[in-house]
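Colleague:
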Amino acid sequence: MTLSIESLTVLYGDKVAVDNVSLDIAVGDVLALVGPSGCGKSTLLRAIAGLVEPAEGRVEWQGRDITHVPTHQRGVGLMFQDHALFTHRDVADNIGFGLKMAGVGAGARAVRTEELLVLVGLEGFGPRSVEGLSGGEAQRVALARALAPEPALLLLDEPLASLDRARRIELNIELARLLRELEQTAVYVTHDQDEAFSLADDVGVMHQGQVLRVGSPGDVWRDPQFEIVARFVGHEAMIERDGQRFAVRPDAVSIATSGELVGRVKTCAFQGDRYALTIDVDGGPWRLFHSVAVEPGSMVRLSLDPTRLARITDI
Amino acid sequence: MALAAVPAAFVAVFFAYPVATLLVRGIGLDPGRLLDVITGSRFLKVIWFTTWQAGLSTLLAGTLAVPLTWAIANRQFTGRRLARVLVTVPFVLPTVVVAGSFIGLMDRFGLDQGTIRLRHTVWAVLLAHAFFNIAVFVRSVGGFWTQIDRRPEDAARTLGASPWLAFREVTLPRLRPSIVAATSVVFLFSFTSFAVILLLGGPRRSSIETEIYRYAVTRSDISTAAALSIVQMVAVVSLVVANGWLQRRVAGRQGLVADRAVPAQTRRQRTRLVTMLAGTALLLGLPLAVLVERSLASGGGYSFANYQALGERVRLLPISAADALVNSLAFAVVAAGIALVIGGMASLAIVHGTRSVSRVLDLGMLLPLGTSAVTLGFGVLISLDRGVLDLRGSWWIVPITQSLIAIPFVVRGVVPVLRAIDPALREVAATLGAAPARVRREIDLRIGARALATGVGFAFAISLGEFGATSFVGRRSDLLTVPLAIQRLLSTPGDLLRGQAMALSVILMLVTAVVVFVGDRLHPKAGGML
Amino acid sequence: MNNSLTRLTAPIRSVIVLLLVSLIAVSCGGSDGTEVSTGTETSVASPAGVPEPDSSTTEATGEEPEAPAVGIADEECQSTTSITLATHDSFVVSDGVFESFTATTCIEVEQVAVGDAGQLVSSAILTKDNPTADVMFGIDNTFLQRGLDAELFVPYESPLLATVDAALQLDPEKRVTPIDYSDVCVNYWIDRLPGDAPEVLDDLIGPTNADQFVTMNPETSSPGFAFLLATIARYGDGWEGYWQSLVDNGVSITAGWSDAYYGEYIAGGGARSIVTSYASSPPAEVIFSDPPVDTAPSAVLYDSCFRQVEFAGILAGTEHVDEAQQLIDFMLSTMFQEDIPLNMFVYPANSEAALPDAFVEFGQLADNPATLTPKEIEANREAWTERWVEIVLG
């Protein structure tokens, strides 16, 4: 374990922003913190960075208590949604900032800056003003800046949220590759579960200041355990069976002429290799994937695979 | 917090302690005077006049500043830098000289007689205050405006807002912090104005400041003067508190850019720009032109004789005018330096300190501007009189006193900019290893550099033109400053002396323009600063 | 490459550049022999404006010329004592005058200037317990009683008082010594008068001179107050009626001398031909005329004159009584007294001092100037000015 968070509580006035959270992250792992806005994930990130003072609990790094170590001595990298580039410096100066703080000489700084520009695919951008950069370029500069001092821990706060969809997918893939290549330990905050699932080793789902469920993306998706988590990962429909509550995973439902349930097709969206359907059934809309299009409004029969239902255990 | 301690100590030693000593002495002599002053209808009239004329002066200065402020913030044009520089020039001119120009203008356009009589009316006072203070709005608000992102306005336009609506609904609220800051400075400047009231307001008008002078100096009645000073301070404090409340309400990060200005595109835009520039040039330029003309008039014609004469010592002056200029420059450099260091530290402490530190410091830094030069000057004389602090008659007391008046111009310009900085920038810098002090230097001071440079330019100009406090604190006779020399030259008959006074005023203008121009150019250019 | 460093220090750099600018200015200004001192010690100027005897060699060697007077004093004096002379802003002596005093007495004189005469007196009263100076010059007869009441001075009877007209010696206890005097008088611009030249104060309220006269508010102007005193001395209780007539005749009131003389009077391009100024103003108009003229364009209404006397006094609390007395003696000496007129445009108190030509030729003092005792002035100042405000400013 490298980063260990124990019973961390952060207050904003009377409001509990982070409520008794404990988490562990192993070296080289990426933990994605997901949850709706206001769930406390950004605050938790800021507490790890030392930008907010926790009311209770500890943050440990390699066994050392760093709860009260000031931010600038923690050796973390931070990347914001809106880049937060230093507009009064050029690209190279932005990237070299952390090195300068560490007292790295101008020569070594220039070499490292160039390396990073290559790494993020912005060769030759060094002398440019940051104000002329596109959103994607700015975010690459922000990433290079955070990575330049080789932080032990990289913190990313919705780094792709301000980008358009195409750019987001592209950067998401690249970010995942980079983090893996660099074996970078990172905490990644996002409200988008697709983003989280595609690059995280572990996903933590937060709600009202608490981390409800931590696990690998597959585990969390298959077995969300909490209704809120289930809904967050996209399992909207709930059913009762034998006094138990289950979330209906899309892969648990299929259209079959022999199905025991009947529903009306509400929407049918093309997703490239398949169609995503929502179907009105008793007890709410169900989601499922199907290989061919179905006309909305038509009635279909559905069958349910009980082994793929996710049991809700939080009550 | 060390950052707050230095400016706090500076103001405590060189302002609060002297002024408090004088007030305690004055009120101690006759405590009843305070009550008389507060309840006397004559004084209430004076307080009321002081307040409303300052309010109207501020409003007028703000209104007249709009065209140039807009142009400098939004349009790139040849001479944009120069325009920023030239508006500062009136600031350094001795009031007696400006009053002379105004009167000269009134004569020229026949406003002195006939139905539109300007002289000795309140309008003359308001116009003169506006003339002096337009620079504060143009430079502070214009500088801030240039730095705020224009995209929100663009968004408003796409949502169907007319340019005016977009300005009112989007731009104006974002400009509020700097408008409020400039307003407070101009208000205080007009509130404690002395010579303008006396020279242009006519003999029937008196402000709190002129009354303090009358009681303290003409009558040696320190009790009444102290009571009036207290009233003045209470008024200033309440204003500042209200002002701080306004400022806090609108504070917030803005998304600062390097320079939002774009060149005029269409013929209509160009015409509008030219009209706005010409209007301001006429307003500010005419009185200055009168001055230049008078400085060149000599021997019945026009020549540079008045300027050439300045190198030699005129009788009536203890040193030559050129040496007085050297003195003034040396004082101004030191005063601007003090204002830079103390004002810069204070701004950082105000932005980053706890609420109470921030409030107290904000108020403490502004108070000297709202305090009578008489009170401060006499206070210094009776308090800084022992041991190492015996600064009476010393070289240093002059720039120190001048810097007290100049610091608010630095603080009020810089704080809104620092408050507008996206906190994420500081947080990122911290995660990249910058300790808090380093963050202030690398982020706050870098982004606030232009505002700081603007403030220092003001400080320089204020010091160059300062008259009241300089004359009160006492100084070695050979440390004559230019405004004092001009005053002296204008206190004896003779066209030769008057011509030299005018030439000296023009030189004061030119020196200010050059220094402010150089100062404006010095701050960061790369990374997009103007 | 590392332009970030140069940009980082931009504000500091601006200060450095400012310093450089002023240093250049200092070095240019210094070439005419003036040093700018940043300490508290006196900086002694060699005659500025007077050509250096051999400036070419001085410039060639690049050496700053030594101030000669200091050199002498340093050589001959075992030790020098420094005393401080507090004055108002208008106090000026020629270069070399105090240096010659130092050369003969080994006493250096440090001059401190504080505003106008009113400021000077008020600040001296405030700092009475810990005076800023040893000797004060510049208290006039309108403020004298206030200074005496505050016990600012210690008595000293200079042997040179014998040369001073007894009428100027207003303190029988000799706590102050008269140094110079002048007459505040109404002036008129000779060729722009609407009628005949005014000869008596009553001419100012005649219809011929309607809207011609400009004078100053006695509350804010020292000559303005002097003129009020002149009318009180002339008319006694009738002064109120006289001022009412002035108002009815269109008198204009300004705050200070400058805006009257240069704002409303003919001299500054104004429209009024009569102004309150000094008896020395006509000679000043000649001396400082541009282009040069042979005769004064203005003249004095002698009936309107009020005599102002300026005094020096040794401040109570000084530790240098002996040196202070020597300075008072020096200020009454003919050398100092003859230097006064062309620097301050006032008349020397020492009757043996020779007057400059222009004063003799164009200037004249009133034979019978109005006077009031310092006691009367101090006792009635507030009542008179307040009454004046009621009558004139309504």
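Chains as they are written, first to last, in the numbering used here: chain D, 23 to 337; chain P, -3 to 526; chain A, 271 to 664.
Just so you know, even glycine gets a beta-carbon here, dropped at the ideal spot from N, CA and C.
The structure presented is a predicted model; accordingly, all values stated were derived computationally and were not measured.
Would you mind telling me which residues of chain A sit closer than 7 angstroms to glycine 138 of chain P, beta carbon to beta carbon, in chain order?
Modeller: What glycine 138 of chain P touches in chain A: nothing, since even the nearest Cβ is about 19 angstroms away.
Colleague: Just the Cα atoms here: how many angstroms apart are proline 553 of chain A and alanine 566 of chain A?
Modeller: Taking the straight line from one Cα to the other gives about 7 angstroms.
Colleague: Near glycine 332 of chain A, which residues of its chain fall below 7 angstroms by C-beta distance, leaving aside the five closest residues on each side in sequence?
Modeller: Bear in mind that a pLDDT of 40 at glycine 332 of chain A, under 50, signals an unreliable position, so the number given afterwards is only what the model happens to contain. Cβ within range, chain order: n/a, list empty.
Colleague: Beta strand (DSSP E) containing arginine 271 of chain D: first to last residue?
Modeller: Segment: none, arginine 271 of chain D is in no beta strand (DSSP E) and carries neither H nor E.
Colleague: Which complete alpha helix (DSSP H) runs does the segment 452 to 513 of chain P hold, if anything under 4 residues is left out?
Modeller: As far as the segment 452 to 513 of chain P is concerned, its whole alpha helix (DSSP H) runs of at least 4 residues are 464 to 469 and 478 to 485.
Colleague: At which residue ranges does the segment 389 to 436 of chain A contain complete alpha helix (DSSP H) runs of 4 or more residues, listed in the order of the chain?
Modeller: Segments of the alpha helix (DSSP H) lying fully in the segment 389 to 436 of chain A: 414 to 419.
Colleague: Listed from N- to C-terminal order along the chain, which residues in the segment 440 to 474 of chain P have their beta-carbon within a distance smaller than 7 angstroms of any beta-carbon of chain D?
Modeller: Within the segment 440 to 474 of chain P, the residues whose Cβ lies closer than 7 angstroms to some Cβ of chain D are Arg442 and Ile443, listed in chain order.
Colleague: Give the DSSP-derived three-state secondary structure of serine 307 of chain A in the structure shown.
Modeller: Note that serine 307 of chain A scores 36 on pLDDT, short of 50, meaning its location in the model is unreliable; the coordinates nonetheless yield the value given after this. In the structure shown, serine 307 of chain A sits in coil (DSSP, three-state: anything other than H, G, I, E or B).
Colleague: By how many angstroms is the C-alpha of isoleucine 409 of chain A removed from the C-alpha of serine 219 of chain P?
Modeller: So the two alpha carbons sit approximately 22 angstroms from each other.
Colleague: Determine the DSSP secondary structure at arginine 202 of chain D, reduced to helix, strand or coil.
Modeller: Correct three-state label for arginine 202 of chain D: helix.
Colleague: Per the contact definition of three or more C-beta pairs closer than 8 angstroms, is the segment 14 to 22 of chain P in contact with the segment 344 to 362 of chain P?
Modeller: No, the segment 344 to 362 of chain P does not touch the segment 14 to 22 of chain P.
Colleague: Can you tell me whether serine 216 of chain P is helix, strand or coil according to DSSP?
Modeller: DSSP places serine 216 of chain P in coil when its eight states are reduced to three.
Colleague: CA-CA distance, glutamate 648 of chain A and phenylalanine 497 of chain A?
Modeller: Taking the straight line from one Cα to the other gives about 16 angstroms.
Colleague: Does the CB of alanine 433 of chain P have a neighbour CB from chain D at under 7 angstroms?
Modeller: Taking Cβ atoms only, chain D never reaches closer than 7 angstroms to alanine 433 of chain P, which makes this a no.
Colleague: Chain D beta carbons: is any one of them nearer than 7 angstroms to that of glycine 373 of chain P?
Modeller: Output row for glycine 373 of chain P: interface = no.
Colleague: With distances taken from CA atoms, which of P/Phe513, P/Thr91, P/Ser186 and P/Gln304 is nearest serine 368 of chain P?
Modeller: Among P/Phe513, P/Thr91, P/Ser186 and P/Gln304, the Cα nearest to that of serine 368 of chain P belongs to P/Ser186.
Colleague: Examine chain A for any beta-carbon lying closer than 7 angstroms to the beta-carbon of threonine 111 of chain P, and answer yes or no.
Modeller: Low per-residue confidence applies at threonine 111 of chain P: pLDDT is 49, beneath 50, and the placement is therefore not dependable, though the value from the model is reported in the following sentence. No, threonine 111 of chain P lies away from the interface with chain A (no Cβ there is under 7 angstroms from its Cβ).
Colleague: Take tyrosine 211 of chain P and list the residues in its own chain whose beta-carbon comes closer than 6 angstroms to its own, dropping the five residues that flank it on each side.
Modeller: These residues qualify, in order along the chain: Asp217, Thr220 and Ala221.
Colleague: To the nearest angstrom, report how far apart alanine 254 of chain P and arginine 190 of chain D are at their CA atoms.
Modeller: Between alanine 254 of chain P and arginine 190 of chain D, the C-alpha separation is close to 27 angstroms.
Colleague: Starting from asparagine 457 of chain A, follow its DSSP beta bridges and name the residues at the other end.
Modeller: The partner list for asparagine 457 of chain A (beta bridge, DSSP) reads A/Val545 and A/Val570.
Colleague: At what residue ranges does the segment 35 to 117 of chain D contain a whole run of the alpha helix (DSSP H), taking only runs of 4 or more?
Modeller: 63 to 71, all fully within the segment 35 to 117 of chain D.
Colleague: In this structure, how does DSSP classify glycine 110 of chain P when only helix, strand and coil are distinguished?
Modeller: Residue placement at glycine 110 of chain P is flagged as unreliable, the pLDDT there being 48, under the threshold of 50; the coordinate-derived value follows with that caveat. Coil at glycine 110 of chain P, not helix or strand.
Colleague: Residues of chain A with a CB under 9 angstroms from the CB of aspartate 418 of chain P: which are they?
Modeller: The premise fails here: aspartate 418 of chain P is roughly 20 angstroms from chain A at the closest Cβ pair, so nothing lies under 9 angstroms.
Colleague: Please confirm whether alanine 467 of chain A has its beta-carbon closer than 7 angstroms to some beta-carbon of chain P.
Modeller: Taking Cβ atoms only, chain P never reaches closer than 7 angstroms to alanine 467 of chain A, which makes this a no.
Colleague: Residue ranges of each alpha helix (DSSP H) run of no fewer than 4 residues wholly in the segment 75 to 159 of chain P, ordered along the chain?
Modeller: Complete alpha helix (DSSP H) runs here, min 4: 76 to 82, 91 to 104, 118 to 132, 138 to 143 and 147 to 154.
Colleague: Pick helix, strand or coil for leucine 324 of chain D, following the three-state DSSP scheme.
Modeller: Note: leucine 324 of chain D maps to strand in three-state DSSP.
Colleague: Report yes or no: do three or more beta-carbon pairs, one from the segment 463 to 483 of chain A and one from the segment 601 to 621 of chain A, lie closer than 8 angstroms?
Modeller: Because the criterion of three Cβ pairs below 8 angstroms is not met, the segment 463 to 483 of chain A and the segment 601 to 621 of chain A do not touch.
Colleague: Taking methionine 406 of chain A as the reference, which of A/Asn519, A/Asp637, A/Ile449 and A/Thr412 has the closest Cα?
Modeller: Measuring from the Cα of methionine 406 of chain A, the nearest candidate turns out to be A/Ile449.
Colleague: For histidine 358 of chain A, tell me which candidate among A/Val391, A/Thr375 and A/Thr374 has the shortest Cα-Cα distance.
Modeller: Histidine 358 of chain A has its Cα closest to that of A/Val391, out of A/Val391, A/Thr375 and A/Thr374.
Colleague: Helix, strand or coil: which one does DSSP assign to lysine 122 of chain D?
Modeller: DSSP places lysine 122 of chain D in helix when its eight states are reduced to three.
Colleague: What are the residues in the segment 59 to 88 of chain D lying within 7 angstroms of chain P by C-beta distance?
Modeller: Hits within the stretch, in order: Ala71 and Leu73.
Colleague: What runs of the alpha helix (DSSP H), each 4 residues or longer, lie entirely inside the segment 170 to 223 of chain P?
Modeller: Complete alpha helix (DSSP H) runs here, min 4: 191 to 197 and 204 to 209.
Colleague: Per DSSP, what kind of secondary structure is proline 321 of chain A in: helix, strand or coil?
Modeller: Bear in mind that the predicted position of proline 321 of chain A carries a pLDDT of just 34, short of 50, making it unreliable; the figure below should be weighed with that in mind. DSSP places proline 321 of chain A in coil when its eight states are reduced to three.
Colleague: Give the DSSP-derived three-state secondary structure of aspartate 179 of chain D in the structure shown.
Modeller: Three-state result, aspartate 179 of chain D: strand.
Colleague: Is glycine 360 of chain P near valine 2 of chain P, with beta carbons less than 7 angstroms apart?
Modeller: Their beta carbons are not under 7 angstroms apart, which means glycine 360 of chain P does not touch valine 2 of chain P by this criterion.
Colleague: Taking Cβ-Cβ distances below 7 angstroms as the criterion, which residues of the segment 552 to 566 of chain A are in contact with chain P?
Modeller: For the segment 552 to 566 of chain A, which is checked against every Cβ of chain P, the residues closer than 7 angstroms are Ala554, Glu555, Ile557, Phe558, Ser559, Asp560 and Pro561.
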